[in-house]
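Everything below concerns the one structure shown next.
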Amino acid sequence: MFKILFIGDIIGKIGRAGVKNLLPKLKKSLKLDLVIANVENLAHGKGVTEKTLNEIKEVGVDVFTSGNHIWKKRKEVEEIFKKQNFFLLRPANYPPNVSGIGEKIFITNNKEKILIINLIGRVFFKEDFDCPFRVIDKILKKYKKEKLNAIIIDFHAEATSETKALGFYVDGRVSAILGTHSHIPTADAKILPNKTAYVTDTGMTGAENSVIGVEKESVIKTYLTQINHQFIFPEKGECTFNSVLVEIDLKTGKAIKIKRVDKKTTVN
Ligand SMILES: [Fe+2]
Ligand SMILES: [Fe+2]
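Numbering-wise, the numbering used here puts 21 at position 38 of the sequence shown, and it's gapless, one number per residue.
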């Protein structure tokens, strides 16, 4: 059985420290074969840098997916996409010719092929993304002749209904579809009828007593005054770690099991 840990949006310094505290032990205790993490909020809450990606790569994250905030540090991310020195994806349904890639095959130590796909939803986003339903059809068609052992999707979406619908749409055609973006973990991790592992939102890895990773006072002030207050990202204190463990049969590409792995750790 192939075991994948999928970690929800890692937010800033406290999130990276949380991963450092917990992941090496989890790798051993859960006997993980692959670790995937959503990194759109990795570097000070928004975007990524080589330094921050290296920090979590060193403690065991193999594959990085992302979402709408990946562009915040534009220069850095475009350089990373150009150099291709990390297994980093951005949603595949951005318009054509946007830098970066939305899907890539991960090759395991035993030479098995796992296609990782990143997609973003359209509901409640101000951007005008291509249709994730039609784009996933196109991607799956493109890889039809490839002998894949598993297919994993990170679906980065705001509306739970959109994720649910896409989940059923790909059920039986992919090994797992795992939600990110809302930063709130959902209690519905399950195997869909045609053996695809599913969760509406994995959650986040960031400050526990925060509003989806942001220091709570600045968000409350923004709501009270209707004027944007600078968002601060807490760097110390209690950190929540949200992830799901997915077990896949690489002979069939079907999911056997999915369960939430939610932890807490203190960052000093
Ligand atoms: Fe996020
Ligand atoms: Fe997002």
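The beta-carbon is built from N, C-alpha and C at its ideal position, and this holds for glycine as well.
Discussion item. Within 10 Å of its beta-carbon, does residue 165 have 16 or more other beta-carbons around it, so buried, or fewer, so exposed?
Written reply: buried
Fill in: 6 Å CB neighbourhood of residue 215 in its chain, flanking five on each side removed
198 and 201
Discussion item. Could you check whether residue -12 and residue 25 sit closer than 8 Å to each other, using their CB atoms as the reference points?
Written reply: no
Worksheet entry | Cβ pair residue 30, residue 53 closer than 8 Å | yes
Worksheet item: Are the CB atoms of residue 161 and residue 143 nearer to each other than 8 Å?
Response: no
Worksheet item: Just to check, is the beta-carbon of residue 198 closer than 7 Å to a non-hydrogen atom of ligand 1?
Response: no
Worksheet item: Using the beta carbon as the reference atom, which residues fall closer than 5 Å to any heavy atom of ligand 2, ordered along the chain?
Response: 50, 51 and 164
Discussion item. Let's see if you can read the secondary structure: which residues bound the alpha helix (DSSP H) around residue 240?
Written reply: Element bounds for residue 240: not the alpha helix (DSSP H) but the beta strand (DSSP E), 237 to 250.
Practice prompt. Can you give me the start and stop residues for the alpha helix (DSSP H) that residue 148 sits inside?
Written response: 143 to 153
Worksheet item: residue 201 by DSSP, collapsed to three states: which one?
Response: helix
Worksheet item: Can you name the start and end residues of the beta strand (DSSP E) that residue 98 belongs to?
Response: 96 to 103
Worksheet entry | Residues sharing a beta bridge with residue 114, DSSP | Bridge partners of residue 114: none, in fact.
Practice prompt. Taking 8 Å as the cut-off, decide whether the C-beta atoms of residue 132 and residue 96 are in contact.
Written response: yes
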